[in-house]
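2 protein chains.
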Amino acid sequence: MNPDPDYSAAYVVLRTEDGSEGYGLTFTIGRGNEVCRAAIDALAPLVIGDGIDDLGEFARRLTHDSQIRWLGPEKGVMHLAAAALINAAWDLTARAAGKPVWRLLADMEPEQIVDLVDWRYLSDALTRDEALALLHAARPGREQRIARLMADGYPAYTTSPGWLGYHDDKLVRLAKEAVADGYQQIKLKVGADLADDVRRMELARRTVGDDIRIAVDANQRWDVGTALEWMTALAPYRPWWIEEPTSPDDILGHAAIRRGLLPAGIKVATGEHVQNRIVFKQLLQAEAVDIVQIDACRVAGVNENIAILLLAAKFGKPVCPHAGGVGLCELVQHLSMFDYAAVSGRLDDRVIEFVDHLHEHFEDPAVIVNGAYRAPTAPGFSARIRPATLREFSYPDGPAWASEGDA
Amino acid sequence: MNPDPDYSAAYVVLRTEDGSEGYGLTFTIGRGNEVCRAAIDALAPLVIGDGIDDLGEFARRLTHDSQIRWLGPEKGVMHLAAAALINAAWDLTARAAGKPVWRLLADMEPEQIVDLVDWRYLSDALTRDEALALLHAARPGREQRIARLMADGYPAYTTSPGWLGYHDDKLVRLAKEAVADGYQQIKLKVGADLADDVRRMELARRTVGDDIRIAVDANQRWDVGTALEWMTALAPYRPWWIEEPTSPDDILGHAAIRRGLLPAGIKVATGEHVQNRIVFKQLLQAEAVDIVQIDACRVAGVNENIAILLLAAKFGKPVCPHAGGVGLCELVQHLSMFDYAAVSGRLDDRVIEFVDHLHEHFEDPAVIVNGAYRAPTAPGFSARIRPATLREFSYPDGPAWASEGDA
Chain A
23 MNPDPDYSAA YVVLRTEDGS EGYGLTFTIG RGNEVCRAAI DALAPLVIGD GIDDLGEFAR
83 RLTHDSQIRW LGPEKGVMHL AAAALINAAW DLTARAAGKP VWRLLADMEP EQIVDLVDWR
143 YLSDALTRDE ALALLHAARP GREQRIARLM ADGYPAYTTS PGWLGYHDDK LVRLAKEAVA
203 DGYQQIKLKV GADLADDVRR MELARRTVGD DIRIAVDANQ RWDVGTALEW MTALAPYRPW
263 WIEEPTSPDD ILGHAAIRRG LLPAGIKVAT GEHVQNRIVF KQLLQAEAVD IVQIDACRVA
323 GVNENIAILL LAAKFGKPVC PHAGGVGLCE LVQHLSMFDY AAVSGRLDDR VIEFVDHLHE
383 HFEDPAVIVN GAYRAPTAPG FSARIRPATL REFSYPDGPA WASEGDA
Chain B
23 MNPDPDYSAA YVVLRTEDGS EGYGLTFTIG RGNEVCRAAI DALAPLVIGD GIDDLGEFAR
83 RLTHDSQIRW LGPEKGVMHL AAAALINAAW DLTARAAGKP VWRLLADMEP EQIVDLVDWR
143 YLSDALTRDE ALALLHAARP GREQRIARLM ADGYPAYTTS PGWLGYHDDK LVRLAKEAVA
203 DGYQQIKLKV GADLADDVRR MELARRTVGD DIRIAVDANQ RWDVGTALEW MTALAPYRPW
263 WIEEPTSPDD ILGHAAIRRG LLPAGIKVAT GEHVQNRIVF KQLLQAEAVD IVQIDACRVA
323 GVNENIAILL LAAKFGKPVC PHAGGVGLCE LVQHLSMFDY AAVSGRLDDR VIEFVDHLHE
383 HFEDPAVIVN GAYRAPTAPG FSARIRPATL REFSYPDGPA WASEGDA
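Line by line, the protein sequences give chains A and B.
Under the working numbering, the residues of the first sequence are numbered 23 to 429, in order.
Under the working numbering, the residues of the second sequence are numbered 23 to 429, in order.
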């Protein structure tokens, strides 16, 4: 579905009067990045000159402007833009506090955390009081979990071996390397050709053995019926989850696919394109997913992702973030670590996606050791792009664009 | 929810090499209109220099660009932009054919109509073959229904009496006028204050009597529980439908509200903010709505609305379009008339919203006679804005903007 990505980001710098800065971004795959830029500009009057001291109010201000809501509400381009700005405000706040975002969140009181959430449209599944109770219940053991994160990091899985178009021998080589590097899970892209997928899945299973999990990812290619047929053909090779089997808008479709695949023991995962907390709420209510895949920049930043973490905890489903792209690994690791420290308190069946791509452009890049994300220690949200990268690749004036024929 | 609308539109002119023109637009309520403009610009390379002879292919081209899909897919700003362009292509095509769009569609063969639809993600609810069968079943009587539309028009309802903030005596006066003008249904906005709503609803019911339907519209204000409480309080005054009781994304929420209000005989309506055919599909699958409210510019134009009309026909639910705004009455009347002529073949419980506002800016404005939309006869989609209006109000150079302090 994404045959020719041109990895891009709309990048935001928030600057205060005293010269402090915060950095945020939203990721795109090329065309349309300029529309996100226009959307950020449209939100700028709601930011400039106003405070961000109350990050709950700030996030609601950006997502509930009555005229802007008409364009969504709370979805698509305007929500991507809100994500960039809200994440930048978190970066700024965490830098001022001298803490990484995950630790800033983990150190908050439950009452502060629930005030960050926009509770509108959630009360039939989760109330503010229920969320408070969940957060209080997660208090015991928090310091030990933080110590464990600092010592061992947070488990990752890798998508590197599984891109469509790799030759079989490359798949085998990268799968072997992933296991040698300590990953307990890999992922293959599927959905272009069934015979190819059966061959690749059989090969991958033979390569990694029975103990390594293999997830597969269809990137929204199928209707419900096709998803069931295709995954039934792959079932003998024990895929751990099928990711994005169909449209991210299709809650009932995911529920039907999950019901159909339950006997085969294949889990259903989605979320990288799920537009907001309201759709995540329904995916959980309808028992449509086993795995909740948050994205740091698709929904309205940290605040809306806290709502989704709380919903997942209420329904007892593991959160396994989407990452990759530009900066998504850097950002989303903070949310999973906060979830472990202070929300779900669990690591079982939880893994963060890792794609080893473009990290060199970040000042505080994600670091993987032995198949796990190291816990960030630098203040902020790990969102700052290196100045040299901005100079080289900024559109349209960066030198990198000079060589592009029709940039 | 929309306290300060500033009625706006992103307006598109498609021009062919031979000088023919087609006009399309997407409506906004002010801020963010420029983001729709940026989105249209982002889609322009998919339009300029390429043909629109195959309108099914054209619509799919605009909604399935792999990089643009990342920003949605198929929702929000990018979908509003696609709507403006696709509707302009229909306007152009209908002008060339010398027919109004509704008649152009009604005269097509079923096989041509189903080729206009993007069937992706629909097959678990409606297949191409089922749609063909529906369309063939609607063939008998088509000419008589067209004749009836030409003679009597298509029933309308009016929202004019019911805006929040009107004094009670204005509500009463406008409700009386609506009945005198031949409307069989009016609509009141609700959701700001329960005691006010009870008083206004009681007053409206007393004014119009038992035989006129009164719909109410909450514009997404409520959570599920609040919707049930509020509407139970209004039930004694027999509201015909509750429109947008909660988030347009909340399929399961609407289903819960509908179940709760079924004993009181109150119908549930939504759609003006429903993002695409996939969400409409689920609203029907989940029995979440009684009334399907299409919007001419929210989804991807004529083509996606045909998919929604077919889904509604399959599930036996009436389509009652959202209108008002800028040009929505002009556009959407064509879709309802096509539905009556060639899809559902029914008029029972079907009404098109009418708001008597801004029609003077259109070259071929919607015309209401005796509570019904007259069938448009001029070629095209009634979408062309008058040149004098464009000169006066175009942003930022139109003279109307010179008087705006911070335009």
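Glycine residues also receive a C-beta, built at the ideal position from the N, C-alpha and C atoms.
If you're wondering where the values come from, they're calculated on a predicted model, not measured in any experiment.
DSSP-derived helix/strand/coil call for Leu138 (chain B):
coil
Beta strand (DSSP E) segment containing Trp263 (chain A), residue limits
261-265
Which of helix, strand or coil DSSP assigns to Tyr45 (chain A):
strand
Comparing the C-beta of Gly94 (chain B) with each C-beta of chain A, is any distance below 8 Å?
yes
Nearest chain A C-beta to Asp245 (chain B) closer than 8 Å, yes or no?
yes
Does DSSP classify Leu186 (chain B) as helix, strand or coil?
coil
Give the DSSP-derived three-state secondary structure of Asp419 (chain B) in the structure shown.
coil
Tell me, please, whether the CB atom of Met100 (chain B) is closer than 8 Å to any CB atom in chain A?
yes
Does the Cβ-Cβ distance between Arg117 (chain A) and Gly402 (chain A) come in under 8 Å?
yes
Relative to the alpha-carbon of His101 (chain B), which residue among B:Cys58, B:Thr115, B:Lys121, B:Ala424 has its alpha-carbon at the smallest distance?
B:Cys58
Please name the residue or residues paired with Leu332 (chain A) in a DSSP beta bridge.
In the DSSP output, where bridge partners are listed per residue, Leu332 (chain A) has none listed.
Run through chain B and tell me which residues come within less than 9 Å of Glu152 (chain A), C-beta to C-beta.
Here the premise fails: no neighbours, minimum Cβ distance about 14 Å.
Please name the residue in A:Pro25, A:Asn24, A:Tyr33 whose C-alpha comes closest to that of Phe384 (chain A).
A:Tyr33
Range covered by the alpha helix (DSSP H) that runs through Lys303 (chain A)
299-307
So Arg227 (chain B) packs on Arg260 (chain B), CB below 8 Å; how close in whole Å?
7 Å
When we look at the beta-carbon of Thr38 (chain B) and count the other beta-carbons within 10 Å, is it buried (16 or more) or exposed?
exposed
Would you report the Cα separation of Val354 (chain A) and Arg320 (chain A), rounded to the nearest angstrom?
11 Å
Closest Cα partner of Gln206 (chain A) within the set A:Tyr188, A:Thr181, A:Ile135, A:Val220:
A:Thr181
Please return the same chain residues whose Cβ sits closer than 6 Å to the Cβ of Arg82 (chain B), not counting the five positions on each side in sequence.
Asp140
Does the pairing of the segment 102-122 of chain A with the segment 58-78 of chain B give three or more beta-carbon distances under 8 Å?
no
Closer than 6 Å by C-beta to Ala286 (chain B): which residues in its own chain qualify, once you throw out the five before and the five after it? Chain order, please.
Ala257
Compare the C-beta of Ala64 (chain A) with all C-beta atoms of chain B and state if any pair is closer than 8 Å.
yes
Which residue spans inside the segment 332-385 of chain A form an unbroken alpha helix (DSSP H) run of at least 4?
350-360
Using the Cα positions of Tyr417 (chain B) and Pro27 (chain B), report the straight-line distance between them to the nearest angstrom.
16 Å
Step through the CB atoms of chain B and report whether any lies within less than 8 Å of the CB of Gly213 (chain A).
no
Determine the extent of the beta strand (DSSP E) in which Ile236 (chain B) is found, giving its start and end residues.
235-239
State yes or no: is the beta carbon of His430 (chain A) nearer than 8 Å to at least one beta carbon in chain B?
One cannot answer for residue 430 (chain A) here, as it falls past the ends of chain A, which runs 23 to 429.
Cys351 (chain A) beta carbon near the ligand MN (any heavy atom closer than 7 Å)
Within the structure as shown, the ligand MN is missing, as the structure has no ligands at all.
If distances are taken between C-alpha atoms only, which option among B:Ile390, B:Ala424, B:Tyr362, B:Asn327 comes closest to Arg164 (chain B)?
B:Tyr362
How many angstroms separate the CA atom of Asp428 (chain A) from the CA atom of Gln89 (chain B)?
The predicted model places Asp428 (chain A) with a pLDDT of 49, which falls under 50 and marks its position as unreliable; any figure quoted below should be read in that light. Going from the Cα of Asp428 (chain A) to the Cα of Gln89 (chain B) covers about 16 Å.
Could one say the Cβ of Pro343 (chain A) lies closer than 8 Å to chain B's Cβ atoms, at least one of them?
no
Say whether chain B places a C-beta atom closer than 8 Å to the C-beta of Ala429 (chain A).
Confidence in Ala429 (chain A) is poor, its pLDDT being 41 and thus under 50, which makes the residue's placement too unreliable to answer from.
For the pair the segment 138-158 of chain A and the segment 187-199 of chain A, tell me if three or more CB-CB distances fall below 8 Å.
no
Buried or exposed: Glu266 (chain B), going by 16 or more other Cβ atoms within 10 Å of its Cβ?
buried
Please state if the CB of Asp378 (chain B) and the CB of Ser404 (chain B) are separated by a distance shorter than 8 Å.
no
Specify the secondary structure class of Arg117 (chain B) as computed by DSSP and reduced to three states.
helix
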